[in-house]
Each structure stands twice: as structure tokens, then as C-alpha cells.
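Input: a single structure, listed below in C-alpha cells.
2 protein chains.
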Amino acid sequence: MTSGPDFGVDKELGLVEARIRDAIQSDEPLLTDIAEYVIAAGGKRIRPMVALLANKAVGGKNLGRTVDMAAALELIHSATLLHDDINDGGLLRRGREAAYKKYGLQNALVAGDFLFVKAFAIGGTFEREIVDLTARVCTALAEAEIVQKRHAGDLTWTRDQYLDVIQRKTAMPISAGARIGAILGGGTDAEVDALTRFGMNLGLAFQIVDDILDVVGTPAVLGKPVGSDLREGNVTLLVLHAMNDGSERRAALRDILQMPTRTDEVVARGLTVIRESGAVDRARVDADHFGFLAREALDDVRPGPARDALARLVDFVVRRNA
Amino acid sequence: MTSGPDFGVDKELGLVEARIRDAIQSDEPLLTDIAEYVIAAGGKRIRPMVALLANKAVGGKNLGRTVDMAAALELIHSATLLHDDINDGGLLRRGREAAYKKYGLQNALVAGDFLFVKAFAIGGTFEREIVDLTARVCTALAEAEIVQKRHAGDLTWTRDQYLDVIQRKTAMPISAGARIGAILGGGTDAEVDALTRFGMNLGLAFQIVDDILDVVGTPAVLGKPVGSDLREGNVTLLVLHAMNDGSERRAALRDILQMPTRTDEVVARGLTVIRESGAVDRARVDADHFGFLAREALDDVRPGPARDALARLVDFVVRRNA
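Residue numbers (this note's numbering), protein chains in the order written: chain A, 1 to 322; chain B, 1001 to 1322.
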């Protein structure tokens, strides 16, 4: 795990790590190795952190069960990283070779299934509401992946469609973690709903910042080259903004998106077009907007250090550079 | 579903089909299409049939919940078919193009995840014993896939290792279905254990017959070319038997297995070596042996039409030609 700012749940995050490591033990060391590799590359542990902080914010009952579900959500996240890298052809993740390059496509594919199973082995022991929510999250992840691929290079793609996809692929998992943490923590209905909204808006902000960093980030800090969205033909919010920034830019990006595949040179040219437009600043405004809505949702949660930490987490997500 | 002999659960199998079709509805029609495609190609519905018959054999309580779990097990089976075809490079399944060829690798991979999720959305609502068993089955499937790949072309591979892999990849899922059906049906502990043993031995027989058909089956009846095991370098029981059938055959198969890849001509030559050895007959003896053990396990189950149908199912599995 990347060391980051302290949000007051480092001890609990340690328990989540231990729960994950326990879950991925296997008679087949290769499965454990691949799982550990992708989990180590998984990054910021936003999902577990949100679940733990939401739990604490409403009274902190059932911390052990929240640790379990936080681990399950991170296992699901790691499974999708493995499968998404296969699907996207991404070569690097957090400065290291993608798992399917290192271990082979077949082994990485099976290891992704293994991680899904381990997540569900944990999640399946919970009450129906939480099982259903977790299954809906995973269904949404699969649907988002299909929609995104189907609309690669689609020039009719709209902001609403973009927001719908990032809601399903990023915001719902984070929101589900917040909701589950709040339910298990014994929050009031109003708090559970508020933290669900918090997670959804935090997740939208998170993904928009991810898309911004894919245009203006520093490869050495990101641990991967920039421009992967453009290479795959993903019409992110930045592309939409840039295409609204004058007919010349629109024409240039249209040409690039209509190519069957895009070379490094073409991607670099497209990134320059996006950077020279007002797209990055406008996307930051969008991210701030969802960050604002996330903080606003916290008004309906009882005051305390965990609520304050959730507010700081919004700033961290919006201001991060990796 | 292929129409086969009547084991007295056609009505209940219809309910399983309906439950599956209900589970795979999605906002993304492509996911539903791929799911329906692979489920239609899925074949004999052995897993649901065993679960339903085990349930009826011990008293038939909770039929609706058994239908649900039978559907979940078939969804898991379908998910692994999607991912295995990607991993094995199999081009045909039941006479139709493999899903990843028809819909693309990325879409097939995501559809496999989708099917896993839908299975767990059902399974996760069950009691812990059943959730744990289902998760163990899925873990074993992943582990078997890894072991099989790792030992492709391995000349030190033994009969015990072969049996361990087919236990994990085929016998455990069938056995779990029998056990779950018996638990939900209200069977005695002795009956639950007997039906678990029944399923395990039936599954071993089933896979050995599969491996026999991959050597001596009729492609038009199988709906796929023969020799796929040999092409992938899988050291099946037939290869082990053939290698014990004289030093010339051993040398010929050793050469073939040590090649990095195998052409159609090489595969055909290897199949001839296996067919001309005593391997097929000896493998049939092995299949009969496990079939016998499966029937013997039924002695500890109360008599009745469902128990008789399970006995007939053993004959069907051992004698089938596709």
C-alpha cells in the first residue's frame, strides 16, 4: 500500500490488509503470488478507507465485519484491475508490469476469478441487503466495461453517458462501501443515505481526477504513461470539453477518435490538443463540484473526528497528483 | 438445452432454466446475449440435474431454493466455460463458435465475470455452509485450471495428480450440487454424505468419459474436433495409460508432449498412438470403477424413484457418446 496522509484509520486498514492476505492463501502459490502482486499495486485503498470511516462516523459498531466487507470490496477492485488490464492492454500499473504481462494472460484471468470468489466468500456471509448491494456493484462494473468499449470513439457520446459510466465503474463501488460501513456501524437511515450520497459524489470526483491525471499527470509519479484513455478511444469528460472548445480542436479530436487504432504519436498530438484547450480547468471545476456535493452530504452525518476525516479525504482525492 | 433421456425432473429443470434466464437480464443486452449463447451451448445440465435429484431423493423439501442453487451452479459452470475457452483457445463448443470468437475476447471475459456475479447474487442469500461450499468449489476450479496449465506436457505427471485435477475441476462442482440438494431436501447426515460421495464419483466418471471422447468421439456428435487435450499438452488418464503400453508408444507420446506447440498433424499422430494402445479400454475400466462407486454410494440413500433416477444417470454419464 502506498503510504498517504493519515485519516485516523491506519490501524483498521492494517486489519483489512491482514484479512485480504488471509483470504488469498491458496494451495496454488501462483494464485497467491498474482493476487499479492495486483493487491500491492492497487494503490490508495480508497474503498476500504471510505467503508471504515463511514462506519466510525456513525458510531463504529461491528468494526470486525466492516473490516471484512472492506477487504471484500478491495478484492473485487483487484479482480477488476486484473481483468481490465487484460482488456485494455495496459502494460504498466503503479510503475510495475501489468500482471497479465508478468504472469501470462491465462494465469491472470484465472487469478481475477479467484479474487472475485474470495470476495464473495466473505460477502456471502452477510445479510441479504449487503449481498444484493455487492452483487449490484459487480454487475454495474461489468456493464460499465461493456458500455465503455462499445462507445469507444463514439462522437455522439454525451456528458450524461460519461457520468453514467463512471458512476457504474467507480462511484458505485465507493458508495457501496460507504453505505455498508454506515449500515454495519448502526447509523440512522438519514446517515446511511447521506454517506451513500457522499460515496457516490466522492467516486465521481475521484474518477474525473483520474481522467485529468491521464492527460496532465507525470508518468513517473503515476507509474504509467499518460494518454491511455485517448489510446483506447475513451471519450472522457476532458475530450468532451476540448471538443466544445472551438471547431479546430473538435475537428482534430474527431479525426483522432475515428482512427481504428492510435499510435503513440497520435496520442501525444491528441493530448496536446486537450491540454491547450480549456478542458483540464473545466474538468477540475467538475471534480470540485462533485467534491463539494460529497462534503455537503456530510452535513447529515453526526459531527466527529471520522466525519472530519471523510471531509479531508475529499480534499485528498480532488487535489492528488497520482 | 440438449434433449436427453428423462430422469423425472424435466419440470424442475424448466424452472432452473427460467431462473437462469431471469438472473442474466441486464441493461446491457450484449451481456445477456453472450450469457444466453454460452448457456445454450452448455449442454447436458448434469449439475442442476444432480442437485434436483439429490433433493428429491431425500424428501424434496425446499425445492424452490434447490432450483435457485441449481441455477447458481450452472451459472458458475457457464462462467468457467467462457473463461476456459479464452484460456484454451478452443474454437468450437457444441458445434458453435466459441463465445470469445463470436463476441470478442474482452466482451466474453466481462460476460464471464457477470455470470459469476449473478451466481453469487443467488448463492450469497443462502446459509453459511452453502456459501462456503460454493466458494470452495469456485476456488478449486481456479486452482485446477492453474495446475493443469502448469503441468502441460509434464512427463512426470501421475495418475494421482490427474485425479486430483479432475476432482477439482469437474467432480467437486457436481458433488457440491448433490450435497446442497440433499441438505436443502432435509436428508439425514448419512444421506447427505452418501450423496456427496455419489456426486464426487459421478463427476470423476464424467470427466474420464469426457477425456475418452476427446480421443475416440465423433466430431459431428461432439460438436468440436477431437484431440484438444493432446493439443494443449494435457496429460490425461489416456495418455498415462498409453505411455504404460510399451516403450515405443511411450517414446512417441513423450516426443509429442515435449514439443512447445502441436500441429494438427502431430495431434492426429498422437491420437492414433493412444487409440492403438490399450488406453481407451483401460480408461473405460476406470470410468466404470467410479461409476460403480457412485452407484454404491446410493445404497445409503432411502429407496425411491429419485434414487433410481440417480442410478440411471450414472449409466447415462458412463455410456454417453457426446
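Backbone N, C-alpha and C fix where the C-beta goes; we use that ideal spot for every residue, glycine too. In this text the structure is predicted, and so the values were computed from the model without any measurement.
Evaluate R128/A with the Cβ neighbour count: other Cβ atoms within 10 Å of its Cβ, from every protein chain shown; 16 or more gives buried, anything less gives exposed. Here residue 128/A corresponds to residue number 128 of the first sequence, with the count starting at 1. R128/A should be labelled exposed.
Residue ranges of each alpha helix (DSSP H) run of no fewer than 4 residues wholly in the stretch 167 to 243 of chain A, ordered along the chain? 172 to 184, 189 to 216, 219 to 222, 228 to 232 and 237 to 243
Collapsed DSSP secondary structure at E1127/B in the structure displayed: Stepping through the second sequence from its first residue, residue 1127/B is reached at position 127. E1127/B falls in the coil class under three-state DSSP.
Spatial neighbours of V1067/B within its chain, please: C-beta separation below 7 Å, excluding the five flanking residues on both sides. Translated into positions along the second sequence, residue 1067/B becomes position 67. Excluding sequence neighbours, V1067/B sits near E1012, L1015, V1016 and R1019.
What residues of chain B sit near S175/A, judged by a beta carbon separation below 9 Å? For the purposes of this step, residue 175/A is identified with residue 175 of the first sequence, where counting begins at 1. What S175/A touches in chain B: nothing, since even the nearest Cβ is about 17 Å away.
Under 8 Å, with one C-beta from each stretch per pair, do the stretch 1284 to 1295 of chain B and the stretch 1189 to 1207 of chain B reach the 3-pair mark? yes
Whether A1283/B touches I1208/B by CB criterion (7 Å): The count along the second sequence starts at 1 and reaches residue 1283/B at position 283. The count along the second sequence starts at 1 and reaches residue 1208/B at position 208. Taking 7 Å as the Cβ cut-off, A1283/B and I1208/B qualify as a contacting pair.
Spell out whether any CB of chain A is found under 7 Å from the CB atom of H1077/B. As a position in the second sequence, residue 1077/B is number 77, starting the count at 1. For H1077/B, the answer is no, since every Cβ of chain A falls outside 7 Å of its Cβ.
Run the CB neighbour count on T263/A, radius 10 Å, all protein chains shown included, and call it buried at 16 or more, exposed below. By one-based count along the first sequence, residue 263/A stands at place 263. By the 10 Å Cβ count, T263/A comes out exposed.
Quick check: is the beta carbon of V83/A nearer than 7 Å to any beta carbon in chain B? Here residue 83/A refers to the residue found at position 83 when the first sequence is read from its first residue. According to the sequence provided, residue 83/A is His. The question's Val does not apply to it. Yes, H83/A lies at the interface with chain B (some Cβ there is under 7 Å from its Cβ).
Start and end residues, alpha helix (DSSP H) containing N321/A: In the first sequence, residue 321/A corresponds to position 321, counting from 1. Premise fails: N321/A is in no alpha helix (DSSP H) and is neither H nor E.
Is there a C-beta anywhere in chain A that falls below 7 Å from the one on G1153/B? As a position in the second sequence, residue 1153/B is number 153, starting the count at 1. Answer no: the Cβ-Cβ gap between G1153/B and chain A never drops below 7 Å.
Once the 5 residues before and after L1082/B are set aside, which same chain residues still bring their CB inside 8 Å of it? The residue you call residue 1082/B lines up with position 82 of the second sequence. Closer than 8 Å at the Cβ level, and outside the excluded window around L1082/B, lie I1034, V1038, A1099, Y1100, A1108, L1109, A1111, G1112 and L1115.
Taking all protein chains shown into account, decide if Q25/A is buried (16 or more other Cβ within 10 angstroms of its Cβ) or exposed. By 1-based counting over the first sequence, the position of residue 25/A is 25. Result: exposed.
For E1036/B and A306/A, what's the separation of their Cα atoms in angstroms? Position 36 of the second sequence, counted from the first residue, corresponds to residue 1036/B. Position 306 of the first sequence, counted from the first residue, corresponds to residue 306/A. Rounded to the nearest angstrom, the two C-alpha atoms are 46 Å apart.
Determine the closest residue to G104/A out of P48/A, R47/A, F120/A and D85/A, with distance taken between C-alpha atoms. Position 104 of the first sequence, counted from the first residue, corresponds to residue 104/A. When each option's Cα is compared against that of G104/A, the closest is D85/A.
Are the beta-carbon atoms belonging to A1252/B and V1273/B less than 7 Å from one another? Numbered from its first residue, the second sequence carries residue 1252/B at position 252. Numbered from its first residue, the second sequence carries residue 1273/B at position 273. Contact: yes.
L1091/B: buried (16+ other C-beta within 10 angstroms of its C-beta) or exposed? In the second sequence, counting from the first residue as 1, residue 1091/B sits at position 91. Its Cβ having fewer than 16 others within 10 Å, L1091/B is exposed.
When you compare each of D6/A, A54/A, G43/A and N321/A to G186/A by their alpha carbons, which one comes out closest? Here residue 186/A refers to the residue found at position 186 of the first sequence. Nearest C-alpha to G186/A: A54/A.
Measuring CA to CA, which of A1220/B, D1315/B and L1271/B is closest to H1289/B? In the second sequence, counting from the first residue as 1, residue 1289/B sits at position 289. It is D1315/B.
Can you tell me which residues form a DSSP beta bridge with L92/A? Along the first sequence, read from residue 1 onward, the residue named residue 92/A stands at position 92. L92/A is bridged to E97/A.
Can a CB atom of chain B be found closer than 7 Å to the CB of A322/A? For the purposes of this step, residue 322/A is taken as residue 322 along the first sequence, with counting starting at 1. It does not: the Cβ of A322/A has no partner Cβ on chain B nearer than 7 Å.
In angstroms with no decimal places, state the Cα-to-Cα distance between T32/A and K118/A. To locate residue 32/A, count along the first sequence from 1; it is residue 32. To locate residue 118/A, count along the first sequence from 1; it is residue 118. Straight-line Cα distance between these residues: approximately 11 Å.
Comparing the C-beta of T2/A with each C-beta of chain B, is any distance below 7 Å? For this step, residue 2/A is matched to residue 2 along the first sequence. Any reading at T2/A needs caution, since the residue's pLDDT is 46, under 50, leaving its predicted position unreliable; the model's value is listed next. False, the Cβ-Cβ gap to chain B never drops below 7 Å.
Using the C-alpha atoms, what's the distance from N62/A back to L202/A? Position 202 of the first sequence, counting from 1, holds the residue named residue 202/A. Position 62 of the first sequence, counting from 1, holds the residue named residue 62/A. Distance between the alpha carbons of L202/A and N62/A is about 24 Å.
My guess is that L1222/B and A1322/B are in contact by the Cβ rule of under 8 Å, so how many angstroms apart are they, rounded? On the second sequence, residue 1222/B is found 222 positions in, with the first residue counted as 1. On the second sequence, residue 1322/B is found 322 positions in, with the first residue counted as 1. That belief holds up - the Cβ atoms of L1222/B and A1322/B are roughly 5 Å apart, short of 8 Å.
Hey, could you find the ends of the alpha helix (DSSP H) H289/A is sitting in? Numbered from 1 along the first sequence, position 289 holds the residue referred to as residue 289/A. Taken as a continuous stretch (DSSP letters only), the alpha helix (DSSP H) holding H289/A covers A279 to A297.
For G1190/B, collect the residues of the same chain with a Cβ closer than 6 Å to its Cβ; drop the 5 residues on either side in sequence, then sort them by chain order. For this step, residue 1190/B is matched to residue 190 along the second sequence. According to the sequence shown, residue 1190/B is Ala rather than Gly. Here the set comprises D1300.
Kindly indicate which residue of R275/A, I130/A and G270/A has the alpha-carbon position closest to the one of D255/A. As a working mapping, residue 255/A is identified with position 255 in the first sequence. Residue G270/A is the option with its Cα nearest to D255/A.
Nearer than 6 Å: is that true of the beta carbon of G1186/B relative to any heavy atom of the ligand FAD? Inclusion of the ligand FAD in the displayed structure is not the case, the ligand content being empty and no account of it being possible.
Could you check the C-alpha separation between P1260/B and I1166/B for me, to the nearest Å? Translated into the one-based positions of the second sequence, residue 1260/B becomes position 260. Translated into the one-based positions of the second sequence, residue 1166/B becomes position 166. About 24 Å.
Around the Cβ of A1268/B, are there at least 16 other Cβ atoms within 10 angstroms (buried) or fewer (exposed)? Looking up residue 1268/B in the second sequence gives position 268. Looking at its Cβ environment, which holds fewer than 16 other Cβ atoms inside 10 Å, A1268/B is exposed.
Same chain, Cβ closer than 7 Å to L155/A, five either side skipped, listed in chain order: Position 155 of the first sequence holds residue 155/A. Here the set comprises R254 and L257.
May I ask which residues mark the beginning and end of the alpha helix (DSSP H) holding D33/A? Here residue 33/A is taken as the residue at index 33 of the first sequence, counted from 1. Where D33/A is concerned, the enclosing alpha helix (DSSP H) stretches over P29 to A40.
C-beta neighbour in chain B for L13/A, strict 7 Å: Against the first sequence, residue 13/A aligns to sequence position 13. No, no contact with chain B.
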